[in-house]
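Asker:
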Amino acid sequence: MKKTERYVFPAVFTYEVGQEIAVVFPDLDVATSGTDDNDALLSARELLGCALYGMEEDHEEIPTPTPLSHITTAENERAVLVDVYMPSIRMAKVNRSVNRTVTLPAWLNAAALERNINFSQVLQDALKSQIHLG
């Protein structure tokens with residue numbers, strides 16, 4: 235099944251004096267905030283990507299976005315469309331780092347530390363070599 239490359243969902247930005255801008259995605263029941271319009275939009279885009287990626291991974295049905303014209307807002311609110319390009323979100327999740335605990339002899343650890351060897355890089359290089367990736 236081909237995954238959707240770009241999603242566009244409506245978000246409601248709420249403006250209150252002296253507070254961050256609240257951002258709610260009514261179709262997804264998730265919210266975030268930002269210090270100004272730009273920060274709120276960036277936070278909204280990041281949240282949208284994370285929420286949709288999670289739904290994809292859990293094989294949940296992604297709802298059809300409500301048309302912007304059907305979003306009701308109060309006087310201090312604005313409805314806007316927020317888009318997210320999913321291939322970059324998916325790739326970022328695939329390339330995330332994970333912690334692994336390894337055991338090695340104390341003398342080898344000391345020798346490596348003395349030479350300022352990057353343990354993570356050595357392990358990555360060795361694993362790539364072992365599974366013939368590089």
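Here the sequence shown is numbered in the numbering used here, starting from 235 and rising by one per residue. The beta carbon of each residue, even a glycine, is placed where N, CA and C say it ideally should be. Note that the coordinates shown come from a computational prediction; the quantities given were computed from them, not determined experimentally.
Measure the Cβ-Cβ separation of A274 and V257 and say whether it is below 9 Å.
Answerer: Numbered from its first residue, the sequence shown carries residue 274 at position 40. Numbered from its first residue, the sequence shown carries residue 257 at position 23. Against a cut-off of 9 Å, the Cβ pair of V257 and A274 comes out as a contact.
Asker: Are E290 and R324 closer than 9 Å when you measure CB to CB?
Answerer: Mapped onto the sequence shown, residue 290 falls at position 56. Mapped onto the sequence shown, residue 324 falls at position 90. Yes; because the gap between Cβ atoms is below 9 Å, this pair is in contact.
Asker: What I want to know is whether the C-beta of T298 ends up closer than 8 Å to one or more non-hydrogen atoms of the ligand SAM.
Answerer: This structure does not include the ligand SAM; it has no bound ligands of any sort.
Asker: Alpha carbon to alpha carbon, how far is A278 from A346?
Answerer: What you label residue 278 is simply residue 44 of the sequence shown in a count that begins at 1. What you label residue 346 is simply residue 112 of the sequence shown in a count that begins at 1. Between A278 and A346, the C-alpha separation is close to 44 Å.
Asker: In the stretch 268 to 321, which residue ranges form an unbroken beta strand (DSSP E) of at least 3 residues, counting only runs that do not cross its ends?
Answerer: Entirely contained in the stretch 268 to 321, the beta strand (DSSP E) runs reaching 3 residues are, in chain order, 311 to 319.
Asker: Just to confirm the assignment, what range does the alpha helix (DSSP H) spanning V242 have?
Answerer: The residue given as residue 242 occupies position 8 in the sequence shown. First-last for V242: 240 to 248, but that is the beta strand (DSSP E), not the alpha helix (DSSP H).
Asker: I'd like the list of long-range same chain contacts for L357, defined as Cβ closer than 6 Å, with 5 residues on each side in sequence excluded.
Answerer: Residue numbering aside, residue 357 sits at position 123 when the sequence shown is read from its first letter. Excluding sequence neighbours, L357 sits near nothing in its chain.
Asker: Tell me the DSSP secondary structure of I365 in three-state form.
Answerer: In the sequence shown, counting from the first residue as 1, residue 365 sits at position 131. If DSSP states are grouped into helix, strand and coil, I365 belongs with coil.
Asker: Pair every Cβ in the stretch 294 to 307 with every Cβ in the stretch 241 to 249, then say whether three or more of these pairs are closer than 8 Å.
Answerer: As far as the Cβ criterion goes, the stretch 294 to 307 touches the stretch 241 to 249, which means the pair count is three or higher.
Asker: How is the beta strand (DSSP E) around I255 delimited, first residue to last?
Answerer: Here residue 255 corresponds to residue number 21 of the sequence shown, with the count starting at 1. First-last of the beta strand (DSSP E) with I255: 255 to 259.
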